[in-house]
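One structure is given here, and the rest of the page talks about it.
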Ligand code: HEM
């Protein structure tokens, strides 16, 4: 979910939106100092995501299930894993999420500035995901700390720190898996994590490292995304009183979901995903060789004036079909329903438990690429 653009066009302090808004029309395919080809236009990002034969997802030496798989193998893993993430599978967790959100909203201090990203978004994301996966409450604090450490390491672009943070996360996952393994290797328990450990692909159970990879993809990246999304949404509510009044007036789930998707389109904190070309290809007139590292820049594509007109124009219905916040094509986000439900429940609980959400005195702090969204959003609940 990160992106790097050349130093000379990305001075410190520039956020991914400002940077790519300025570049997109004159330099739609940026070849950066890391020898990556960054696609900035909606048409190119969409075409690359849909052409998974030319744009392979086998970008890493590390096992990435299902993100790093292509073709039939990807299809078989998605078929085995997607049932965990359908609306029907998520529905039983909704009352649990609502109770968690209501409790958090009632416990948050009133009248003092708090950070919407770390103190609301990350805490809610970790509690909701832990409840969904059946993970123990003792893991919540280490997971919240992990989200912050992961953002800090991504922001710094420090590979050693990122590797250390990834190893920490694997250790957390191992602490969840170990107690679910019986003496003969049988899987114990009946929660979602145990059910995942029983999944079979091609008639064989998932290997240990495959289970770890799936859980890393379900939680590691996504805890951070939900926290950043909550930051974006609360920033928008606090700084756009008309929007807040409209949403407070009581909108249905579909309307609230559409508004949230559109706010995230305007400021998409899930910046980019990687691909590698399997053959030479031309995008927006730029020739990209075979074997090239490519980035699909969702944040930029979602603000492309060729598709959306004014990138900041709020039109939930009109823009829905072109919204790329959750991707498109064979790798389209399988967690979309879960994310949508969590974000809707969090926003609703905060609106219901308060009479107003205001900006704090301190300015919000913009994330700088490679991370998107806001690093900190001071808000005051009354
Ligand atoms: C607001 C939060 C989220 C955003 C913005 C988001 C966005 C995305 C995007 C853009 C992709 C496409 C990646 C690509 O084409 O390479 C993706 C893939 C994925 N997402 Fe999400 N996601 C979110 C939450 C979640 C959640 C909650 C889960 C699971 C519990 C999840 C699991 C995944 C997985 C496993 C993939 C890889 C799918 C594949 O490669 O087939 N995401 N997500």
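Numbering (the numbering used here), first residue to last: 786 to 1167.
Positions of the beta carbon are idealized from the N, C-alpha and C atoms, including for glycine.
Just so we're clear, the structure is a prediction, and the values are computed from it rather than from any experiment.
If you check the beta carbons only, do residue i and residue j fall under 8 Å apart?
i            : j            : result
residue 1216 : residue 1010 : In this structure the chain extends from 786 to 1167, so residue 1216 is not present and cannot be described.
residue 977  : residue 924  : no
residue 933  : residue 1156 : no
residue 1158 : residue 1005 : no
residue 1121 : residue 1041 : no
residue 1166 : residue 1139 : yes
residue 840  : residue 1060 : yes
residue 1164 : residue 883  : no
residue 800  : residue 1151 : yes
residue 1008 : residue 1136 : no
residue 995  : residue 848  : yes
residue 1105 : residue 1053 : no
residue 954  : residue 1001 : yes
residue 1044 : residue 1119 : no
residue 1146 : residue 898  : yes
residue 885  : residue 913  : yes
residue 1092 : residue 1107 : yes
residue 1023 : residue 1142 : yes
residue 1038 : residue 1129 : yes
residue 1071 : residue 814  : yes
residue 889  : residue 909  : yes
residue 973  : residue 983  : no
residue 1063 : residue 838  : yes
residue 887  : residue 916  : no
residue 1154 : residue 804  : yes
residue 961  : residue 920  : yes
Say yes only if the C-beta of residue i is nearer than 7 Å to one or more non-hydrogen atoms of ligand 1, and no if none qualify.
i            : result
residue 1155 : no
residue 1118 : yes
residue 936  : no
residue 822  : no
residue 857  : no
residue 882  : no
residue 852  : yes
residue 817  : no
residue 863  : yes
residue 1112 : yes
residue 920  : no
residue 1123 : yes
residue 1064 : no
residue 939  : no
residue 1007 : yes
residue 1159 : no
residue 834  : yes
residue 1136 : no
residue 1051 : no
residue 893  : no
residue 931  : no
residue 870  : yes
residue 840  : no
residue 1093 : no
residue 958  : no
residue 1058 : yes
residue 1002 : yes
residue 1010 : yes
residue 1141 : no
residue 1055 : yes
Quick test of your reading: residue i and residue j, contact by CB under 8 Å. State the CB separation rounded to the nearest angstrom.
i            : j            : result
residue 833  : residue 1081 : 6 Å
residue 929  : residue 950  : No, residue 929 and residue 950 are not in contact; Cβ-Cβ is about 14 Å, not under 8 Å.
residue 822  : residue 1073 : 5 Å
residue 1079 : residue 825  : Not quite, the Cβ-Cβ distance comes to about 12 Å (not below 8 Å), so this is no contact.
residue 986  : residue 869  : That pair is no contact at about 13 Å.
residue 743  : residue 1162 : The structure shown does not extend to residue 743, since the chain is modelled only from 786 to 1167, so the question has no answer here.
residue 1085 : residue 811  : Residue 1085 to residue 811, Cβ: 13 Å. No contact.
residue 854  : residue 842  : 7 Å
residue 829  : residue 979  : Actually they are not in contact, since the Cβ atoms of residue 829 and residue 979 sit about 42 Å apart, beyond 8 Å.
residue 1051 : residue 990  : Not really, about 43 Å apart at Cβ, beyond 8 Å.
Looking at the strands, I want to know which residues DSSP matches up with residue i.
i            : result
residue 898  : 1165
residue 821  : 1078
residue 1058 : 1081
residue 1159 : 1151
residue 990  : 985
residue 840  : 1062
residue 816  : 822
residue 1113 : For residue 1113, which the question treats as bridged, DSSP gives no partner whatsoever.
residue 966  : 972
residue 1051 : Residue 1051 is not bridged to any residue.
residue 1073 : 1066
residue 1142 : 1166
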